Amino acid sequence: MAEKTVSDLRKILDNPIVKRAVDDVSRTLVDRRAFMPPACKVFSNKYNTLEETDIYRFSIDREAERQLPKIIRNKVQVVRGKSKADQGAAQRCTAPRRIGIVFSGGPAPGGHNVIAGLFDAATRANPENRLFGFLIGPDGVVENEAVEITRELVDAYRNLGGFTMIKTGRAKIDSQQKVDLSRKTCKALGLNALVIVGGDDSNTNAAFLAQELYDDGIQVIGVPKTIDGDIQVRDDAGHVLCAVSFGFHTAARAFANSIAGLCNDASSDIKYYHVCKVMGRVASHLALEVALQSHPNLTVIGEDLVDFVDEERLEKARRDKTTDYTAFGMTLRHLSRIICEGIVKRARAGKNFGVIVIPEGVLEFINEVEVFIMKLNTIIAEYNRTRDREFHSAFPLLEDKLEYLHRLAQRSRDDASFKLWNTRDEDLFNDLPEFFQEGLLTERDSHGNFQFSQIQTEKVLMGLVHDYLSILKEKGTYKLGIQRGYFRKTLAKEGLDPDRFGPAIFENYDTGEHLLTKASIISAKTLRQELEKAGLLEPPDKVPAAIEAIYKKTVPSFKTQEHFYGYDGRGNDPTRFDCTYTYNLGLTVFSLVANGATGQMAAIRNLEHDFEQWEPIGIPIAPLMHLEERKGRLALVLEKALVDVDSVAMQVFKSHQEKWLGADSGQDHYRRPGPIHVHGESEGERPITLQLNAIARPDP
Ligand code: FBP
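The opening position of the sequence shown corresponds to residue 319 in this note's numbering, with each subsequent residue numbered one higher.
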């Protein structure tokens, strides 16, 4: 490069406008970092204490009682504030402490603020307090990989999404060896407490560690994290203790904002159906919140499919005096038909576009697929338990896995007691498309869970939708309605009388706002036949160009664009709700630690109400645990909350389904939730599902 060019370029790069334009630090980042989430009133006191309450009761699982004796009698603890405390309490709060914190599982917006809240509370109580962050998830605890969390580090990540500061991982502390190594790490760092920020499995882990480290005097506190929104805690009487895990609101808002963009695009270009798979593992909480936030035309809620009864099949069976068990529960085929019904209705109202939302875990609620998932979970877990090699490394290719399944099916023929995989399973499985088989056989996560995000649910479902729409086209029921005015204008341009041709080609010419070609017209040939039948055309005549053009417009072409909303929203910067929620969770964690709690999960009660009503509490984890099948065996875990189909949120959603489907000539009812900021009015909003579900709840 010539010298002059180099110096010119240097001048450009030194220009303050260029420097600002390419700076990593955006204006938004500066604003975000500067945002100071409000703290619950109780934290304005000099000291915080814990008050145990008996209001909330849990029925305790015998196995939990046996395995977690030291923490099973824990109660709900309410954080209280004191401007003056007795000497003991004051000493407790201000004693020097060393606390470790670890993120576990997928990132969820707000994690950095848990650290910020904990750091601020700890250093305020005693500037000598020290906080350590374990790197890359629970492995960091096992391997003693930690960094000291300083004010500079905290300030750099305040109100920011991701778990970038210390990263995360899906490892599990699930063996005595790992527990012993974790104990060694805590002792080596001189920790008083370990904080585990994670989902249901990680909080389960927290309870077991609390039990194990009890006699070492090391406290363990959990924090409810997951965008899936499936950590929700109620007591036996239905009192809500934790309405939702952190990160849920942000992920839902981020997905809804992107989907609202698709609604705009779809209704402008009017040629695509946007099919959006939305994260959330098994539960459909995120899909429901997205539906309430953005009003897409069709949203499937997995939990709503469980009690489905195919009345037509049932009726046919009644007539044939037989029993048809397949009429109970949803099948893939039937679900695709329900989706088709919506598409057909919109088409008849002249709309050949739309937005469909499918939860990533919907397959769990589809009879035939759920059975496969459960059987394959057990087969893989059994294999891993009894052999030296992992199932997926022993059978790297699909054909190897199928061959192994084939051997199991053969075994079921030779040995009647072996029922796990039989010939019928094999036949049904072999009928599935290869990519779907591959998805179902995909590696399970470290907790033995099926990885829904790895399977192309939308592709499977849309394949069936495409097929059925073709059948409906052949039957003459899937057509695009034509606006009466447009029809009249097009014919008039060619000097044709619309009132002569209309009744011959449309089934609703006298009444319809959108005109529908007769069911018999399914091709240019059948169109001609109808015109001849009505005496409007003689055999040698050509079909008038205007009629042909109208006919072509009545033939819908179903074009889809598929989208996956997951990792993007999971990494989004948090909403003001999540910033505030997580900052207060961090403050709560410190109060729990400072007052000697262990085996508790930090939570904020009344999240569904105004901020003034938020109440920081500690929830006992052990009493929430029950036995569930994991990796083919019964294990103590925290129950995942599924969408309650009778909840107010679901009732509101259901009563708007028809409206949002928009199968009429009016505008669609899409809603714009808007982008996520920490400043501004709308950001004060709480998740809509929480607001709705709070309407009819009993409160202690
Ligand atoms: P957590 O349960 O760990 O919070 O993770 C939630 C989630 O984002 C699910 O919605 C999704 O199914 C899964 O993680 C994806 O897992 P991975 O990050 O391993 O691809």
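Ideal Cβ placement from N, Cα and C applies to all residues, glycine included. Remember, predicted model here, so these are calculated numbers, not experimental data.
Give me whichever residues DSSP pairs with T898 in a beta bridge.
By 1-based counting over the sequence shown, the position of residue 898 is 580. In the DSSP output, where bridge partners are listed per residue, T898 has none listed.
Cα separation between A439 and Q395?
For the purposes of this step, residue 439 is taken as residue 121 along the sequence shown, with counting starting at 1. For the purposes of this step, residue 395 is taken as residue 77 along the sequence shown, with counting starting at 1. Approximately 18 Å between the Cα atoms of the pair.
I'd like to check one pair, S838 with E850: are the Cβ atoms closer than 8 Å?
Translated into the one-based positions of the sequence shown, residue 850 becomes position 532. Translated into the one-based positions of the sequence shown, residue 838 becomes position 520. No Cβ-Cβ contact shorter than 8 Å links E850 with S838.
Assign Y1083 to one of three DSSP states: helix, strand, or coil.
It is not possible to answer for residue 1083, since the shown part of the chain is limited to 319 through 1018.
With 16 other Cβ atoms within 10 Å as the buried cut-off, status of V324
Within the sequence shown, residue 324 is the residue found at index 6, counting from 1. With fewer than 16 other Cβ atoms from the protein chains shown falling within 10 Å of its own Cβ, V324 counts as exposed.
Given a cut-off of 8 Å, decide if P991 and R380 are closer than it, judged by their beta-carbon atoms.
Against the sequence shown, residue 380 aligns to sequence position 62. Against the sequence shown, residue 991 aligns to sequence position 673. Between R380 and P991, the CB-CB gap reaches or exceeds 8 Å.
Beta-bridge partners of E756, as assigned by DSSP:
In the sequence shown, counting from the first residue as 1, residue 756 sits at position 438. In the DSSP output, where bridge partners are listed per residue, E756 has none listed.
Close beta carbons around R398, own chain, < 6 Å, minus the five adjacent residues each side
Walking along the sequence shown from the start, residue 398 turns up at place 80. Excluding positions up to five away in sequence, the list reads T367, E369.
Pairwise C-alpha distance: G820 and A981
As a first step, residue 981 must be located in the sequence shown, where it is residue number 663. As a first step, residue 820 must be located in the sequence shown, where it is residue number 502. Between A981 and G820, the C-alpha separation is close to 23 Å.
L814 (DSSP reduced to helix, strand or coil)
Sequence index remark: in the sequence shown, residue 814 carries index 496 (1-based). Coil, per DSSP.
Provide the residue span of the alpha helix (DSSP H) that contains Q1009, from first to last.
Taking the first residue of the sequence shown as 1, we reach residue 1009 at position 691. For Q1009, the enclosing alpha helix (DSSP H) has its first and last residue at 1006 to 1011.
Kindly list the residues whose CB is nearer than 7 Å to the CB of V282, restricted to its own chain and excluding five residues on each side of it in sequence; keep chain order.
Residue 282 falls outside the range modelled here, since the chain spans only 319 to 1018, and no answer is possible.
Local conformation of P542 per DSSP, three classes
One-based indexing of the sequence shown puts residue 542 at position 224. DSSP, read as helix, strand or coil, puts P542 in strand.
Quick one: is F753 buried, meaning 16 or more other Cβ sit within 10 Å of its Cβ, or exposed?
Taking the first residue of the sequence shown as position 1, residue 753 is located at position 435. It counts as exposed.
Are the region 580 to 594 and the region 962 to 970 touching by the rule of at least three beta carbon pairs closer than 8 Å?
No, the region 580 to 594 is not in contact with the region 962 to 970.
Beta-carbon separation (whole angstroms), G799 vs A667, contact threshold 8 Å
Here residue 799 refers to the residue found at position 481 when the sequence shown is read from its first residue. Here residue 667 refers to the residue found at position 349 when the sequence shown is read from its first residue. Contact check for G799 and A667: beta-carbon distance about 6 Å, within the 8 Å limit, so the pair qualifies.
Measuring CB atoms only, is the region 456 to 468 touching the region 480 to 494, in the sense that at least three cross pairs come out at less than 8 Å?
Enough Cβ pairs lie closer than 8 Å, so yes.
Roughly how many angstroms lie between the CA atoms of T371 and N431, to the nearest whole one?
Along the sequence shown, read from residue 1 onward, the residue named residue 371 stands at position 53. Along the sequence shown, read from residue 1 onward, the residue named residue 431 stands at position 113. One C-alpha to the other measures close to 28 Å.
Tell me the rounded alpha-carbon separation between K329 and P425.
Sequence index remark: in the sequence shown, residue 329 carries index 11 (1-based). Sequence index remark: in the sequence shown, residue 425 carries index 107 (1-based). It is roughly 42 Å from the alpha-carbon of K329 to the alpha-carbon of P425.
Cutting at 7 Å between CB atoms, please list the residues of its own chain near T649, excluding the five before and the five after it.
As a first step, residue 649 is located in the sequence shown; it is residue number 331 there, counting from the start. Scanning its chain for C-beta atoms nearer than 7 Å, with the 5 sequence neighbours on each side dropped, one finds around T649 the residues I684, N685, E686, in chain order.
Terminal residues of the alpha helix (DSSP H) in which R951 lies:
Position 633 of the sequence shown holds residue 951. For R951, there is no enclosing alpha helix (DSSP H); the residue is part of the beta strand (DSSP E) that begins and ends at 951 to 956.
Quick one: is V911 buried, meaning 16 or more other Cβ sit within 10 Å of its Cβ, or exposed?
Stepping through the sequence shown from its first residue, residue 911 is reached at position 593. When all chains shown are included, V911 counts as buried.
Coil, strand or helix - A920 by DSSP:
Walking along the sequence shown from the start, residue 920 turns up at place 602. Strand.
When DSSP builds the beta bridges, which residues end up paired with I935?
Reading the sequence shown from its first residue, position 617 is the one you call residue 935. Paired residue(s): V396, A921.
In angstroms with no decimal places, state the Cα-to-Cα distance between I619 and D718.
Working through the sequence shown from its first residue, we reach residue 619 at position 301. Working through the sequence shown from its first residue, we reach residue 718 at position 400. One alpha carbon belongs to I619, the other to D718, and they sit about 35 Å apart.
Thinking just about the alpha-carbon of each residue, which of F526, E463, K322, A474 is nearest to the one in T916?
As a first step, residue 916 is located in the sequence shown; it is residue number 598 there, counting from the start. Of the residues F526, E463, K322, A474, the one whose Cα lies closest to the Cα of T916 is F526.
DSSP has N366 in a bridge; who is on the other side?
In the sequence shown, counting from the first residue as 1, residue 366 sits at position 48. Answer by DSSP bridge pairing, in chain order: G399.
Between the CA atoms of A569 and L750 - distance to the nearest angstrom:
Numbered from 1 along the sequence shown, position 432 holds the residue referred to as residue 750. Numbered from 1 along the sequence shown, position 251 holds the residue referred to as residue 569. When only Cα atoms are considered, L750 and A569 end up about 32 Å apart.
Do F452 and A464 have their C-beta atoms within less than 8 Å of each other?
Here residue 452 refers to the residue found at position 134 of the sequence shown. Here residue 464 refers to the residue found at position 146 of the sequence shown. Contact: yes.
Local conformation of A511 per DSSP, three classes
Along the sequence shown, one-based indexing puts residue 511 at 193. DSSP places A511 in strand when its eight states are reduced to three.
Is the Cβ-Cβ distance between I389 and A921 less than 8 Å?
Residue mapping note: residue 389 aligns to position 71 of the sequence shown, counting from 1. Residue mapping note: residue 921 aligns to position 603 of the sequence shown, counting from 1. The Cβ-Cβ distance between I389 and A921 does not fall below 8 Å.
What I want to know is whether the C-beta of Q385 ends up closer than 7 Å to one or more non-hydrogen atoms of the ligand FBP.
Position 67 of the sequence shown, counted from the start, is the residue given in the question as residue 385. Not under cutoff, so the answer is no.
My parser needs the alpha helix (DSSP H) runs of 4 or more residues fully inside the region 435 to 499; what are they?
Qualifying alpha helix (DSSP H) stretches, in chain order: 456 to 460, 469 to 475.
Give the straight-line distance between the Cα atoms of N615 and Q774, rounded to the nearest whole angstrom.
Indexing the sequence shown from 1 puts residue 615 at position 297. Indexing the sequence shown from 1 puts residue 774 at position 456. Rounded to whole angstroms, the separation of the alpha carbons of Q774 and N615 is 21 Å.
Tell me whether G889 is buried or exposed, calling it buried when 16 or more other Cβ atoms sit within 10 Å of its Cβ.
Within the sequence shown, residue 889 is the residue found at index 571, counting from 1. Buried is the call here.
Please confirm whether I467 and F437 have their CB atoms less than 8 Å apart.
Here the question's residue 467 lines up with position 149 in the sequence shown. Here the question's residue 437 lines up with position 119 in the sequence shown. Judged by their CB atoms, I467 and F437 are nearer to each other than the 8 Å cut-off.
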